[in-house]
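When the letters of the sequence shown are read in order and numbered with this note's numbering, they come out as residues 0 to 732.
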Amino acid sequence: MPKINLTPEDKAKLIEAMNNGTEPPSDLLPKLFPGTAEKFDVKALDRAKIPTLEYAGKRSKAAILAEGGVGIGAAPLQVVRCFGEAKNDEWKNLIVQGDNLQFLKTCYKNVDPLIKGKVKGQVKLIYIDPPFATKSDFGGNDGEKSYSDKVVTAEFIEGLRERLIYLRELLANDGSIYVHMDYRMISHIKVVLDDIFGNFNNQISWKRSAIATNVNKQYRNSQDFILFYSKSENNLFAPQFGEYSESSKKHYSHKDEYGVFQPVPILASGRSKGETGAVWRGIDPNSLGKNGMHWLKNPKVLDRLDEQGLIYWPNKEGGTPRLKYYESEAKGVYVSDFWDDIDVINSMADEYQSYNTQKPEALLERIVNASSKPGDLVIDLFGGSGTTAAVAEKLDRRWITCDFGKHAIYTMQKRMLNIAESKKLGTKEIDEETRCEKCNSVIEESTNYKKCSECKSIFEKEIKPIKKKYDKKPKPFCVVSSGAYDFSHIMDLRKHKETYIDFVLGLFQLARDEEKAAKYKLANIFAIKDNNPVEVYPIWDDQFLKEVKIDETYLRGIIAQSGGKLKGEYYIITPESCTNVGDTSLKNQDGKDIHFLMLTFPYKVLEDVTRNLALQEQPSSQADVNTLITSTAYYFNEDVEIAATRTSDGLKITKFETKILNKEGNRFEAFSGLAMLLVDLDYEAGKPFDMNKTVFAKDIAKDGSMKIEGLAKRVGLIAIDRHGNESKPFNLE
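Next up, the structure:
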């Protein structure tokens, strides 16, 4: 037990507090309780006095972070594919496919080479839009339920709370988090955020279209809520401005040679004995009003403004001077916590991605501009259609976005690859047809202006400015996998040594640290565990795989190779079939103990167990695209095969094979293991797969046929099975 060391002065303070019946000074707490897992934070202790939620399964913050600290549940990241050229040390934006909790733990542990030193404590802005909605919100009528209907409230809260605890650790000291919720869970999650972050800034109400409810018993719900918190009181924030309303524009009722302006006050209530209370131009501000007034600017500054013609003098007797505020320099009205100026996405919008819960870019544009700067890192754990990533890209921020569903991953990939053709931020959607008053024709880019000169004028002035494209290629980005492994790579060991090493280290929550391992000057040391070396038994070597076994002779060889200086603990990661001994202790040349500890794993058992754990399945219908949130295990990517042929009105699957097993341990029959089919309507081999359409299993007939319009000569298909395994692109000529 840690020893308590108090100085005579500390003891005197403690005795005084006890005699007075008061709390000890806050600086004594760490000394009185040195063994506590967390450093005392007086602000955190004060926050503990606020209400908290109690429910079955709730764990302490310390336990949650301790789990991440040792890597339990963390998953090594594997690059699946990259787009754009970047130098080795240059940042690459990330689309992460997998359980976002596993990814958060990997970031918290901060040893994975892909993100080491780049994410933990570096994130300036987090926006998350957890799957809180129900099937009824999507206008369905077949009874399918989404995540929040399937998971009890306590489980949902704890699952989100665990992620929020890790997210706080990723935030920079001046970073902020925005949590998007609806009316069902807002009160619960606000209490959780109060407990974790404490620095509450706003509860923003976003007025969206009314959600269908029983109007005979309640008012219709017409808004979502966005909870805005920060890690500290010094959070980065830039005020945002909205457009003036028609009524606001009426205030600009004066005009001079510089333009239209409105007179604004240069006096404020309250007397002043300083320069701002002095008489200016014969006006004594202290004598004005019931309690006196003062100038908002020094009279010398007012003199300069008046010389420049920027002071407005009213004609009426007794009127006070004002400052001219021109419409041309007005930024707009300050945005409040009620946002009614951003519309929801409609199916005709340029940015529409055919994604149920897609949020408008204007919404994220406001948030990203308010709480980050160019070059800052932005994270969205529930990527969905990729709006956060798209907006961050257009605003020159670095970004990471995550999602479990392959449908979401390919939606985000497509959105990023085609971002140059998307609309520029700040431009508006055209909701209605624009007609020429002169000839009554609909004005489009292809309009024949020779027939009517007025059409061209309207197009150039009204339509063209709001149809601007972003017109920039995306910065380099990668799709990476968290928690999924290519099983063929693991089994074909001799060809994929590096993949194998990373994989087996990950099984024991370890990551490579060859810099520290190098000091041992021993072969095959790739990591450090509890300050001791970790060897990965080299079964990629034919001789070791077929002829050598770990036995006492092998272990004595390690001692000899070290020059007899090895001591303490020495770990060996090996398939259990490659060792003839268990944990063994031997002496070095100085008579000191060396404890050889075997970290063994059986391939077959590991394969069977991971496939039968409660893996989340990919959605098989459009309504279920938001059902994926947590995976309880690593899983192995399996080979999937797909073949199809054309029909008169679409496609028909002629072959589908996957090796995954259902919950009963049996192979899926026919097409029952298929979750969705991704379609590239104009596929070209060798180029990135550009998903145009997703056909979910629910919309595929029992014979494998489906209706698809707009098929070109070359069609690309990728099949996704229910465990998220995907086929190679199938080229249908």
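We put the CB at the ideal spot given by N, CA and C, even for glycine.
Here the alpha carbons of residue 11 and residue 4 stand approximately 13 Å from one another. Contact fails between the segment 364 to 372 and the segment 70 to 89, because fewer than three Cβ pairs, one in each stretch, are under 8 Å apart.
In the displayed model, residue 409 falls within a helix according to three-state DSSP. With a 10 Å radius around the Cβ and a threshold of 16 neighbouring Cβ atoms, residue 666 comes out exposed. DSSP, read as helix, strand or coil, puts residue 356 in coil. Under the three-pair Cβ rule at 8 Å, the segment 162 to 179 does not count as touching the segment 288 to 301.
In the three-state reduction of the DSSP assignment, residue 532 falls in the strand class.
If the five residues before and after residue 478 are omitted, its C-beta is found closer than 7 Å to the C-beta atoms of 79, 80, 94, 96, 408 and 412, all from its own chain and listed in chain order. The segment 356 to 367 and the segment 400 to 407 do not touch, with fewer than three beta-carbon pairs separated by less than 8 Å.
Following the DSSP letters along the chain, one finds residue 262 inside the beta strand (DSSP E) bounded by residues 258 to 264. Straight-line spacing of the CA atoms in residue 582 and residue 116 works out to 35 Å. For the 8 Å CB-CB criterion, residue 522 and residue 510 do not form a contact. In the DSSP assignment, residue 222 falls within the beta strand (DSSP E) that extends over 220 to 229.
For residue 550 and residue 533, the gap between their C-alpha atoms comes out near 17 Å. Scanning its chain for C-beta atoms nearer than 7 Å, with the 5 sequence neighbours on each side dropped, one finds around residue 279 the residues 294, 298 and 301, in chain order.
Rounded to whole angstroms, the separation of the alpha carbons of residue 58 and residue 519 is 39 Å. A residue is called buried when at least 16 other Cβ atoms come within 10 angstroms of its Cβ; residue 694 meets this threshold and is buried. The residue from 578, 716 and 528 with its alpha-carbon nearest to that of residue 537 is 578. If you check the CB distance, residue 124 and residue 174 come in under 8 Å. Under DSSP, residue 719 shares a beta bridge with 675 and 725. Rounded to whole angstroms, residue 162 and residue 554 show a C-alpha spacing of 43 Å.
Residue state for residue 584 is assigned as strand, using DSSP reduced to three classes.
Residue 594 has its alpha-carbon roughly 26 Å from the corresponding atom of residue 108. Judged by pairs of C-beta atoms under 8 Å, the segment 194 to 207 does not touch the segment 260 to 267, as fewer than three such pairs exist. If you ignore the 5 residues before and after residue 275, its C-beta comes within less than 6 Å of the C-beta of 293 and 294, all in its own chain and listed in chain order.
By the Cβ neighbour-count rule, residue 53 is exposed, with fewer than 16 other Cβ atoms within 10 Å of its own. When the five nearest sequence neighbours on each side are left out, the beta carbons in the same chain lying within less than 8 Å of the beta carbon of residue 653 are those of 642, 643, 644 and 703, in order along the chain. Per DSSP, reduced to three states, the secondary structure at residue 578 is strand.
Boundaries for residue 331: no beta strand (DSSP E) harbours it, and the DSSP string shows neither H nor E there.
By the 16-neighbour rule on beta-carbons within 10 angstroms, residue 17 is exposed. Between residue 119 and residue 73, the CB-CB gap reaches or exceeds 8 Å.
Where residue 102 is concerned, the enclosing alpha helix (DSSP H) starts and stops at 99 to 108. Rounded to the nearest whole angstrom, the C-alpha separation of residue 599 and residue 415 is 42 Å. Per DSSP, reduced to three states, the secondary structure at residue 155 is helical. Burial check for residue 386: the Cβ neighbour count within 10 Å reaches 16 or more, so the residue is buried. With respect to residue 114, residue 178 sits apart: the two C-beta atoms are not nearer than 8 Å.
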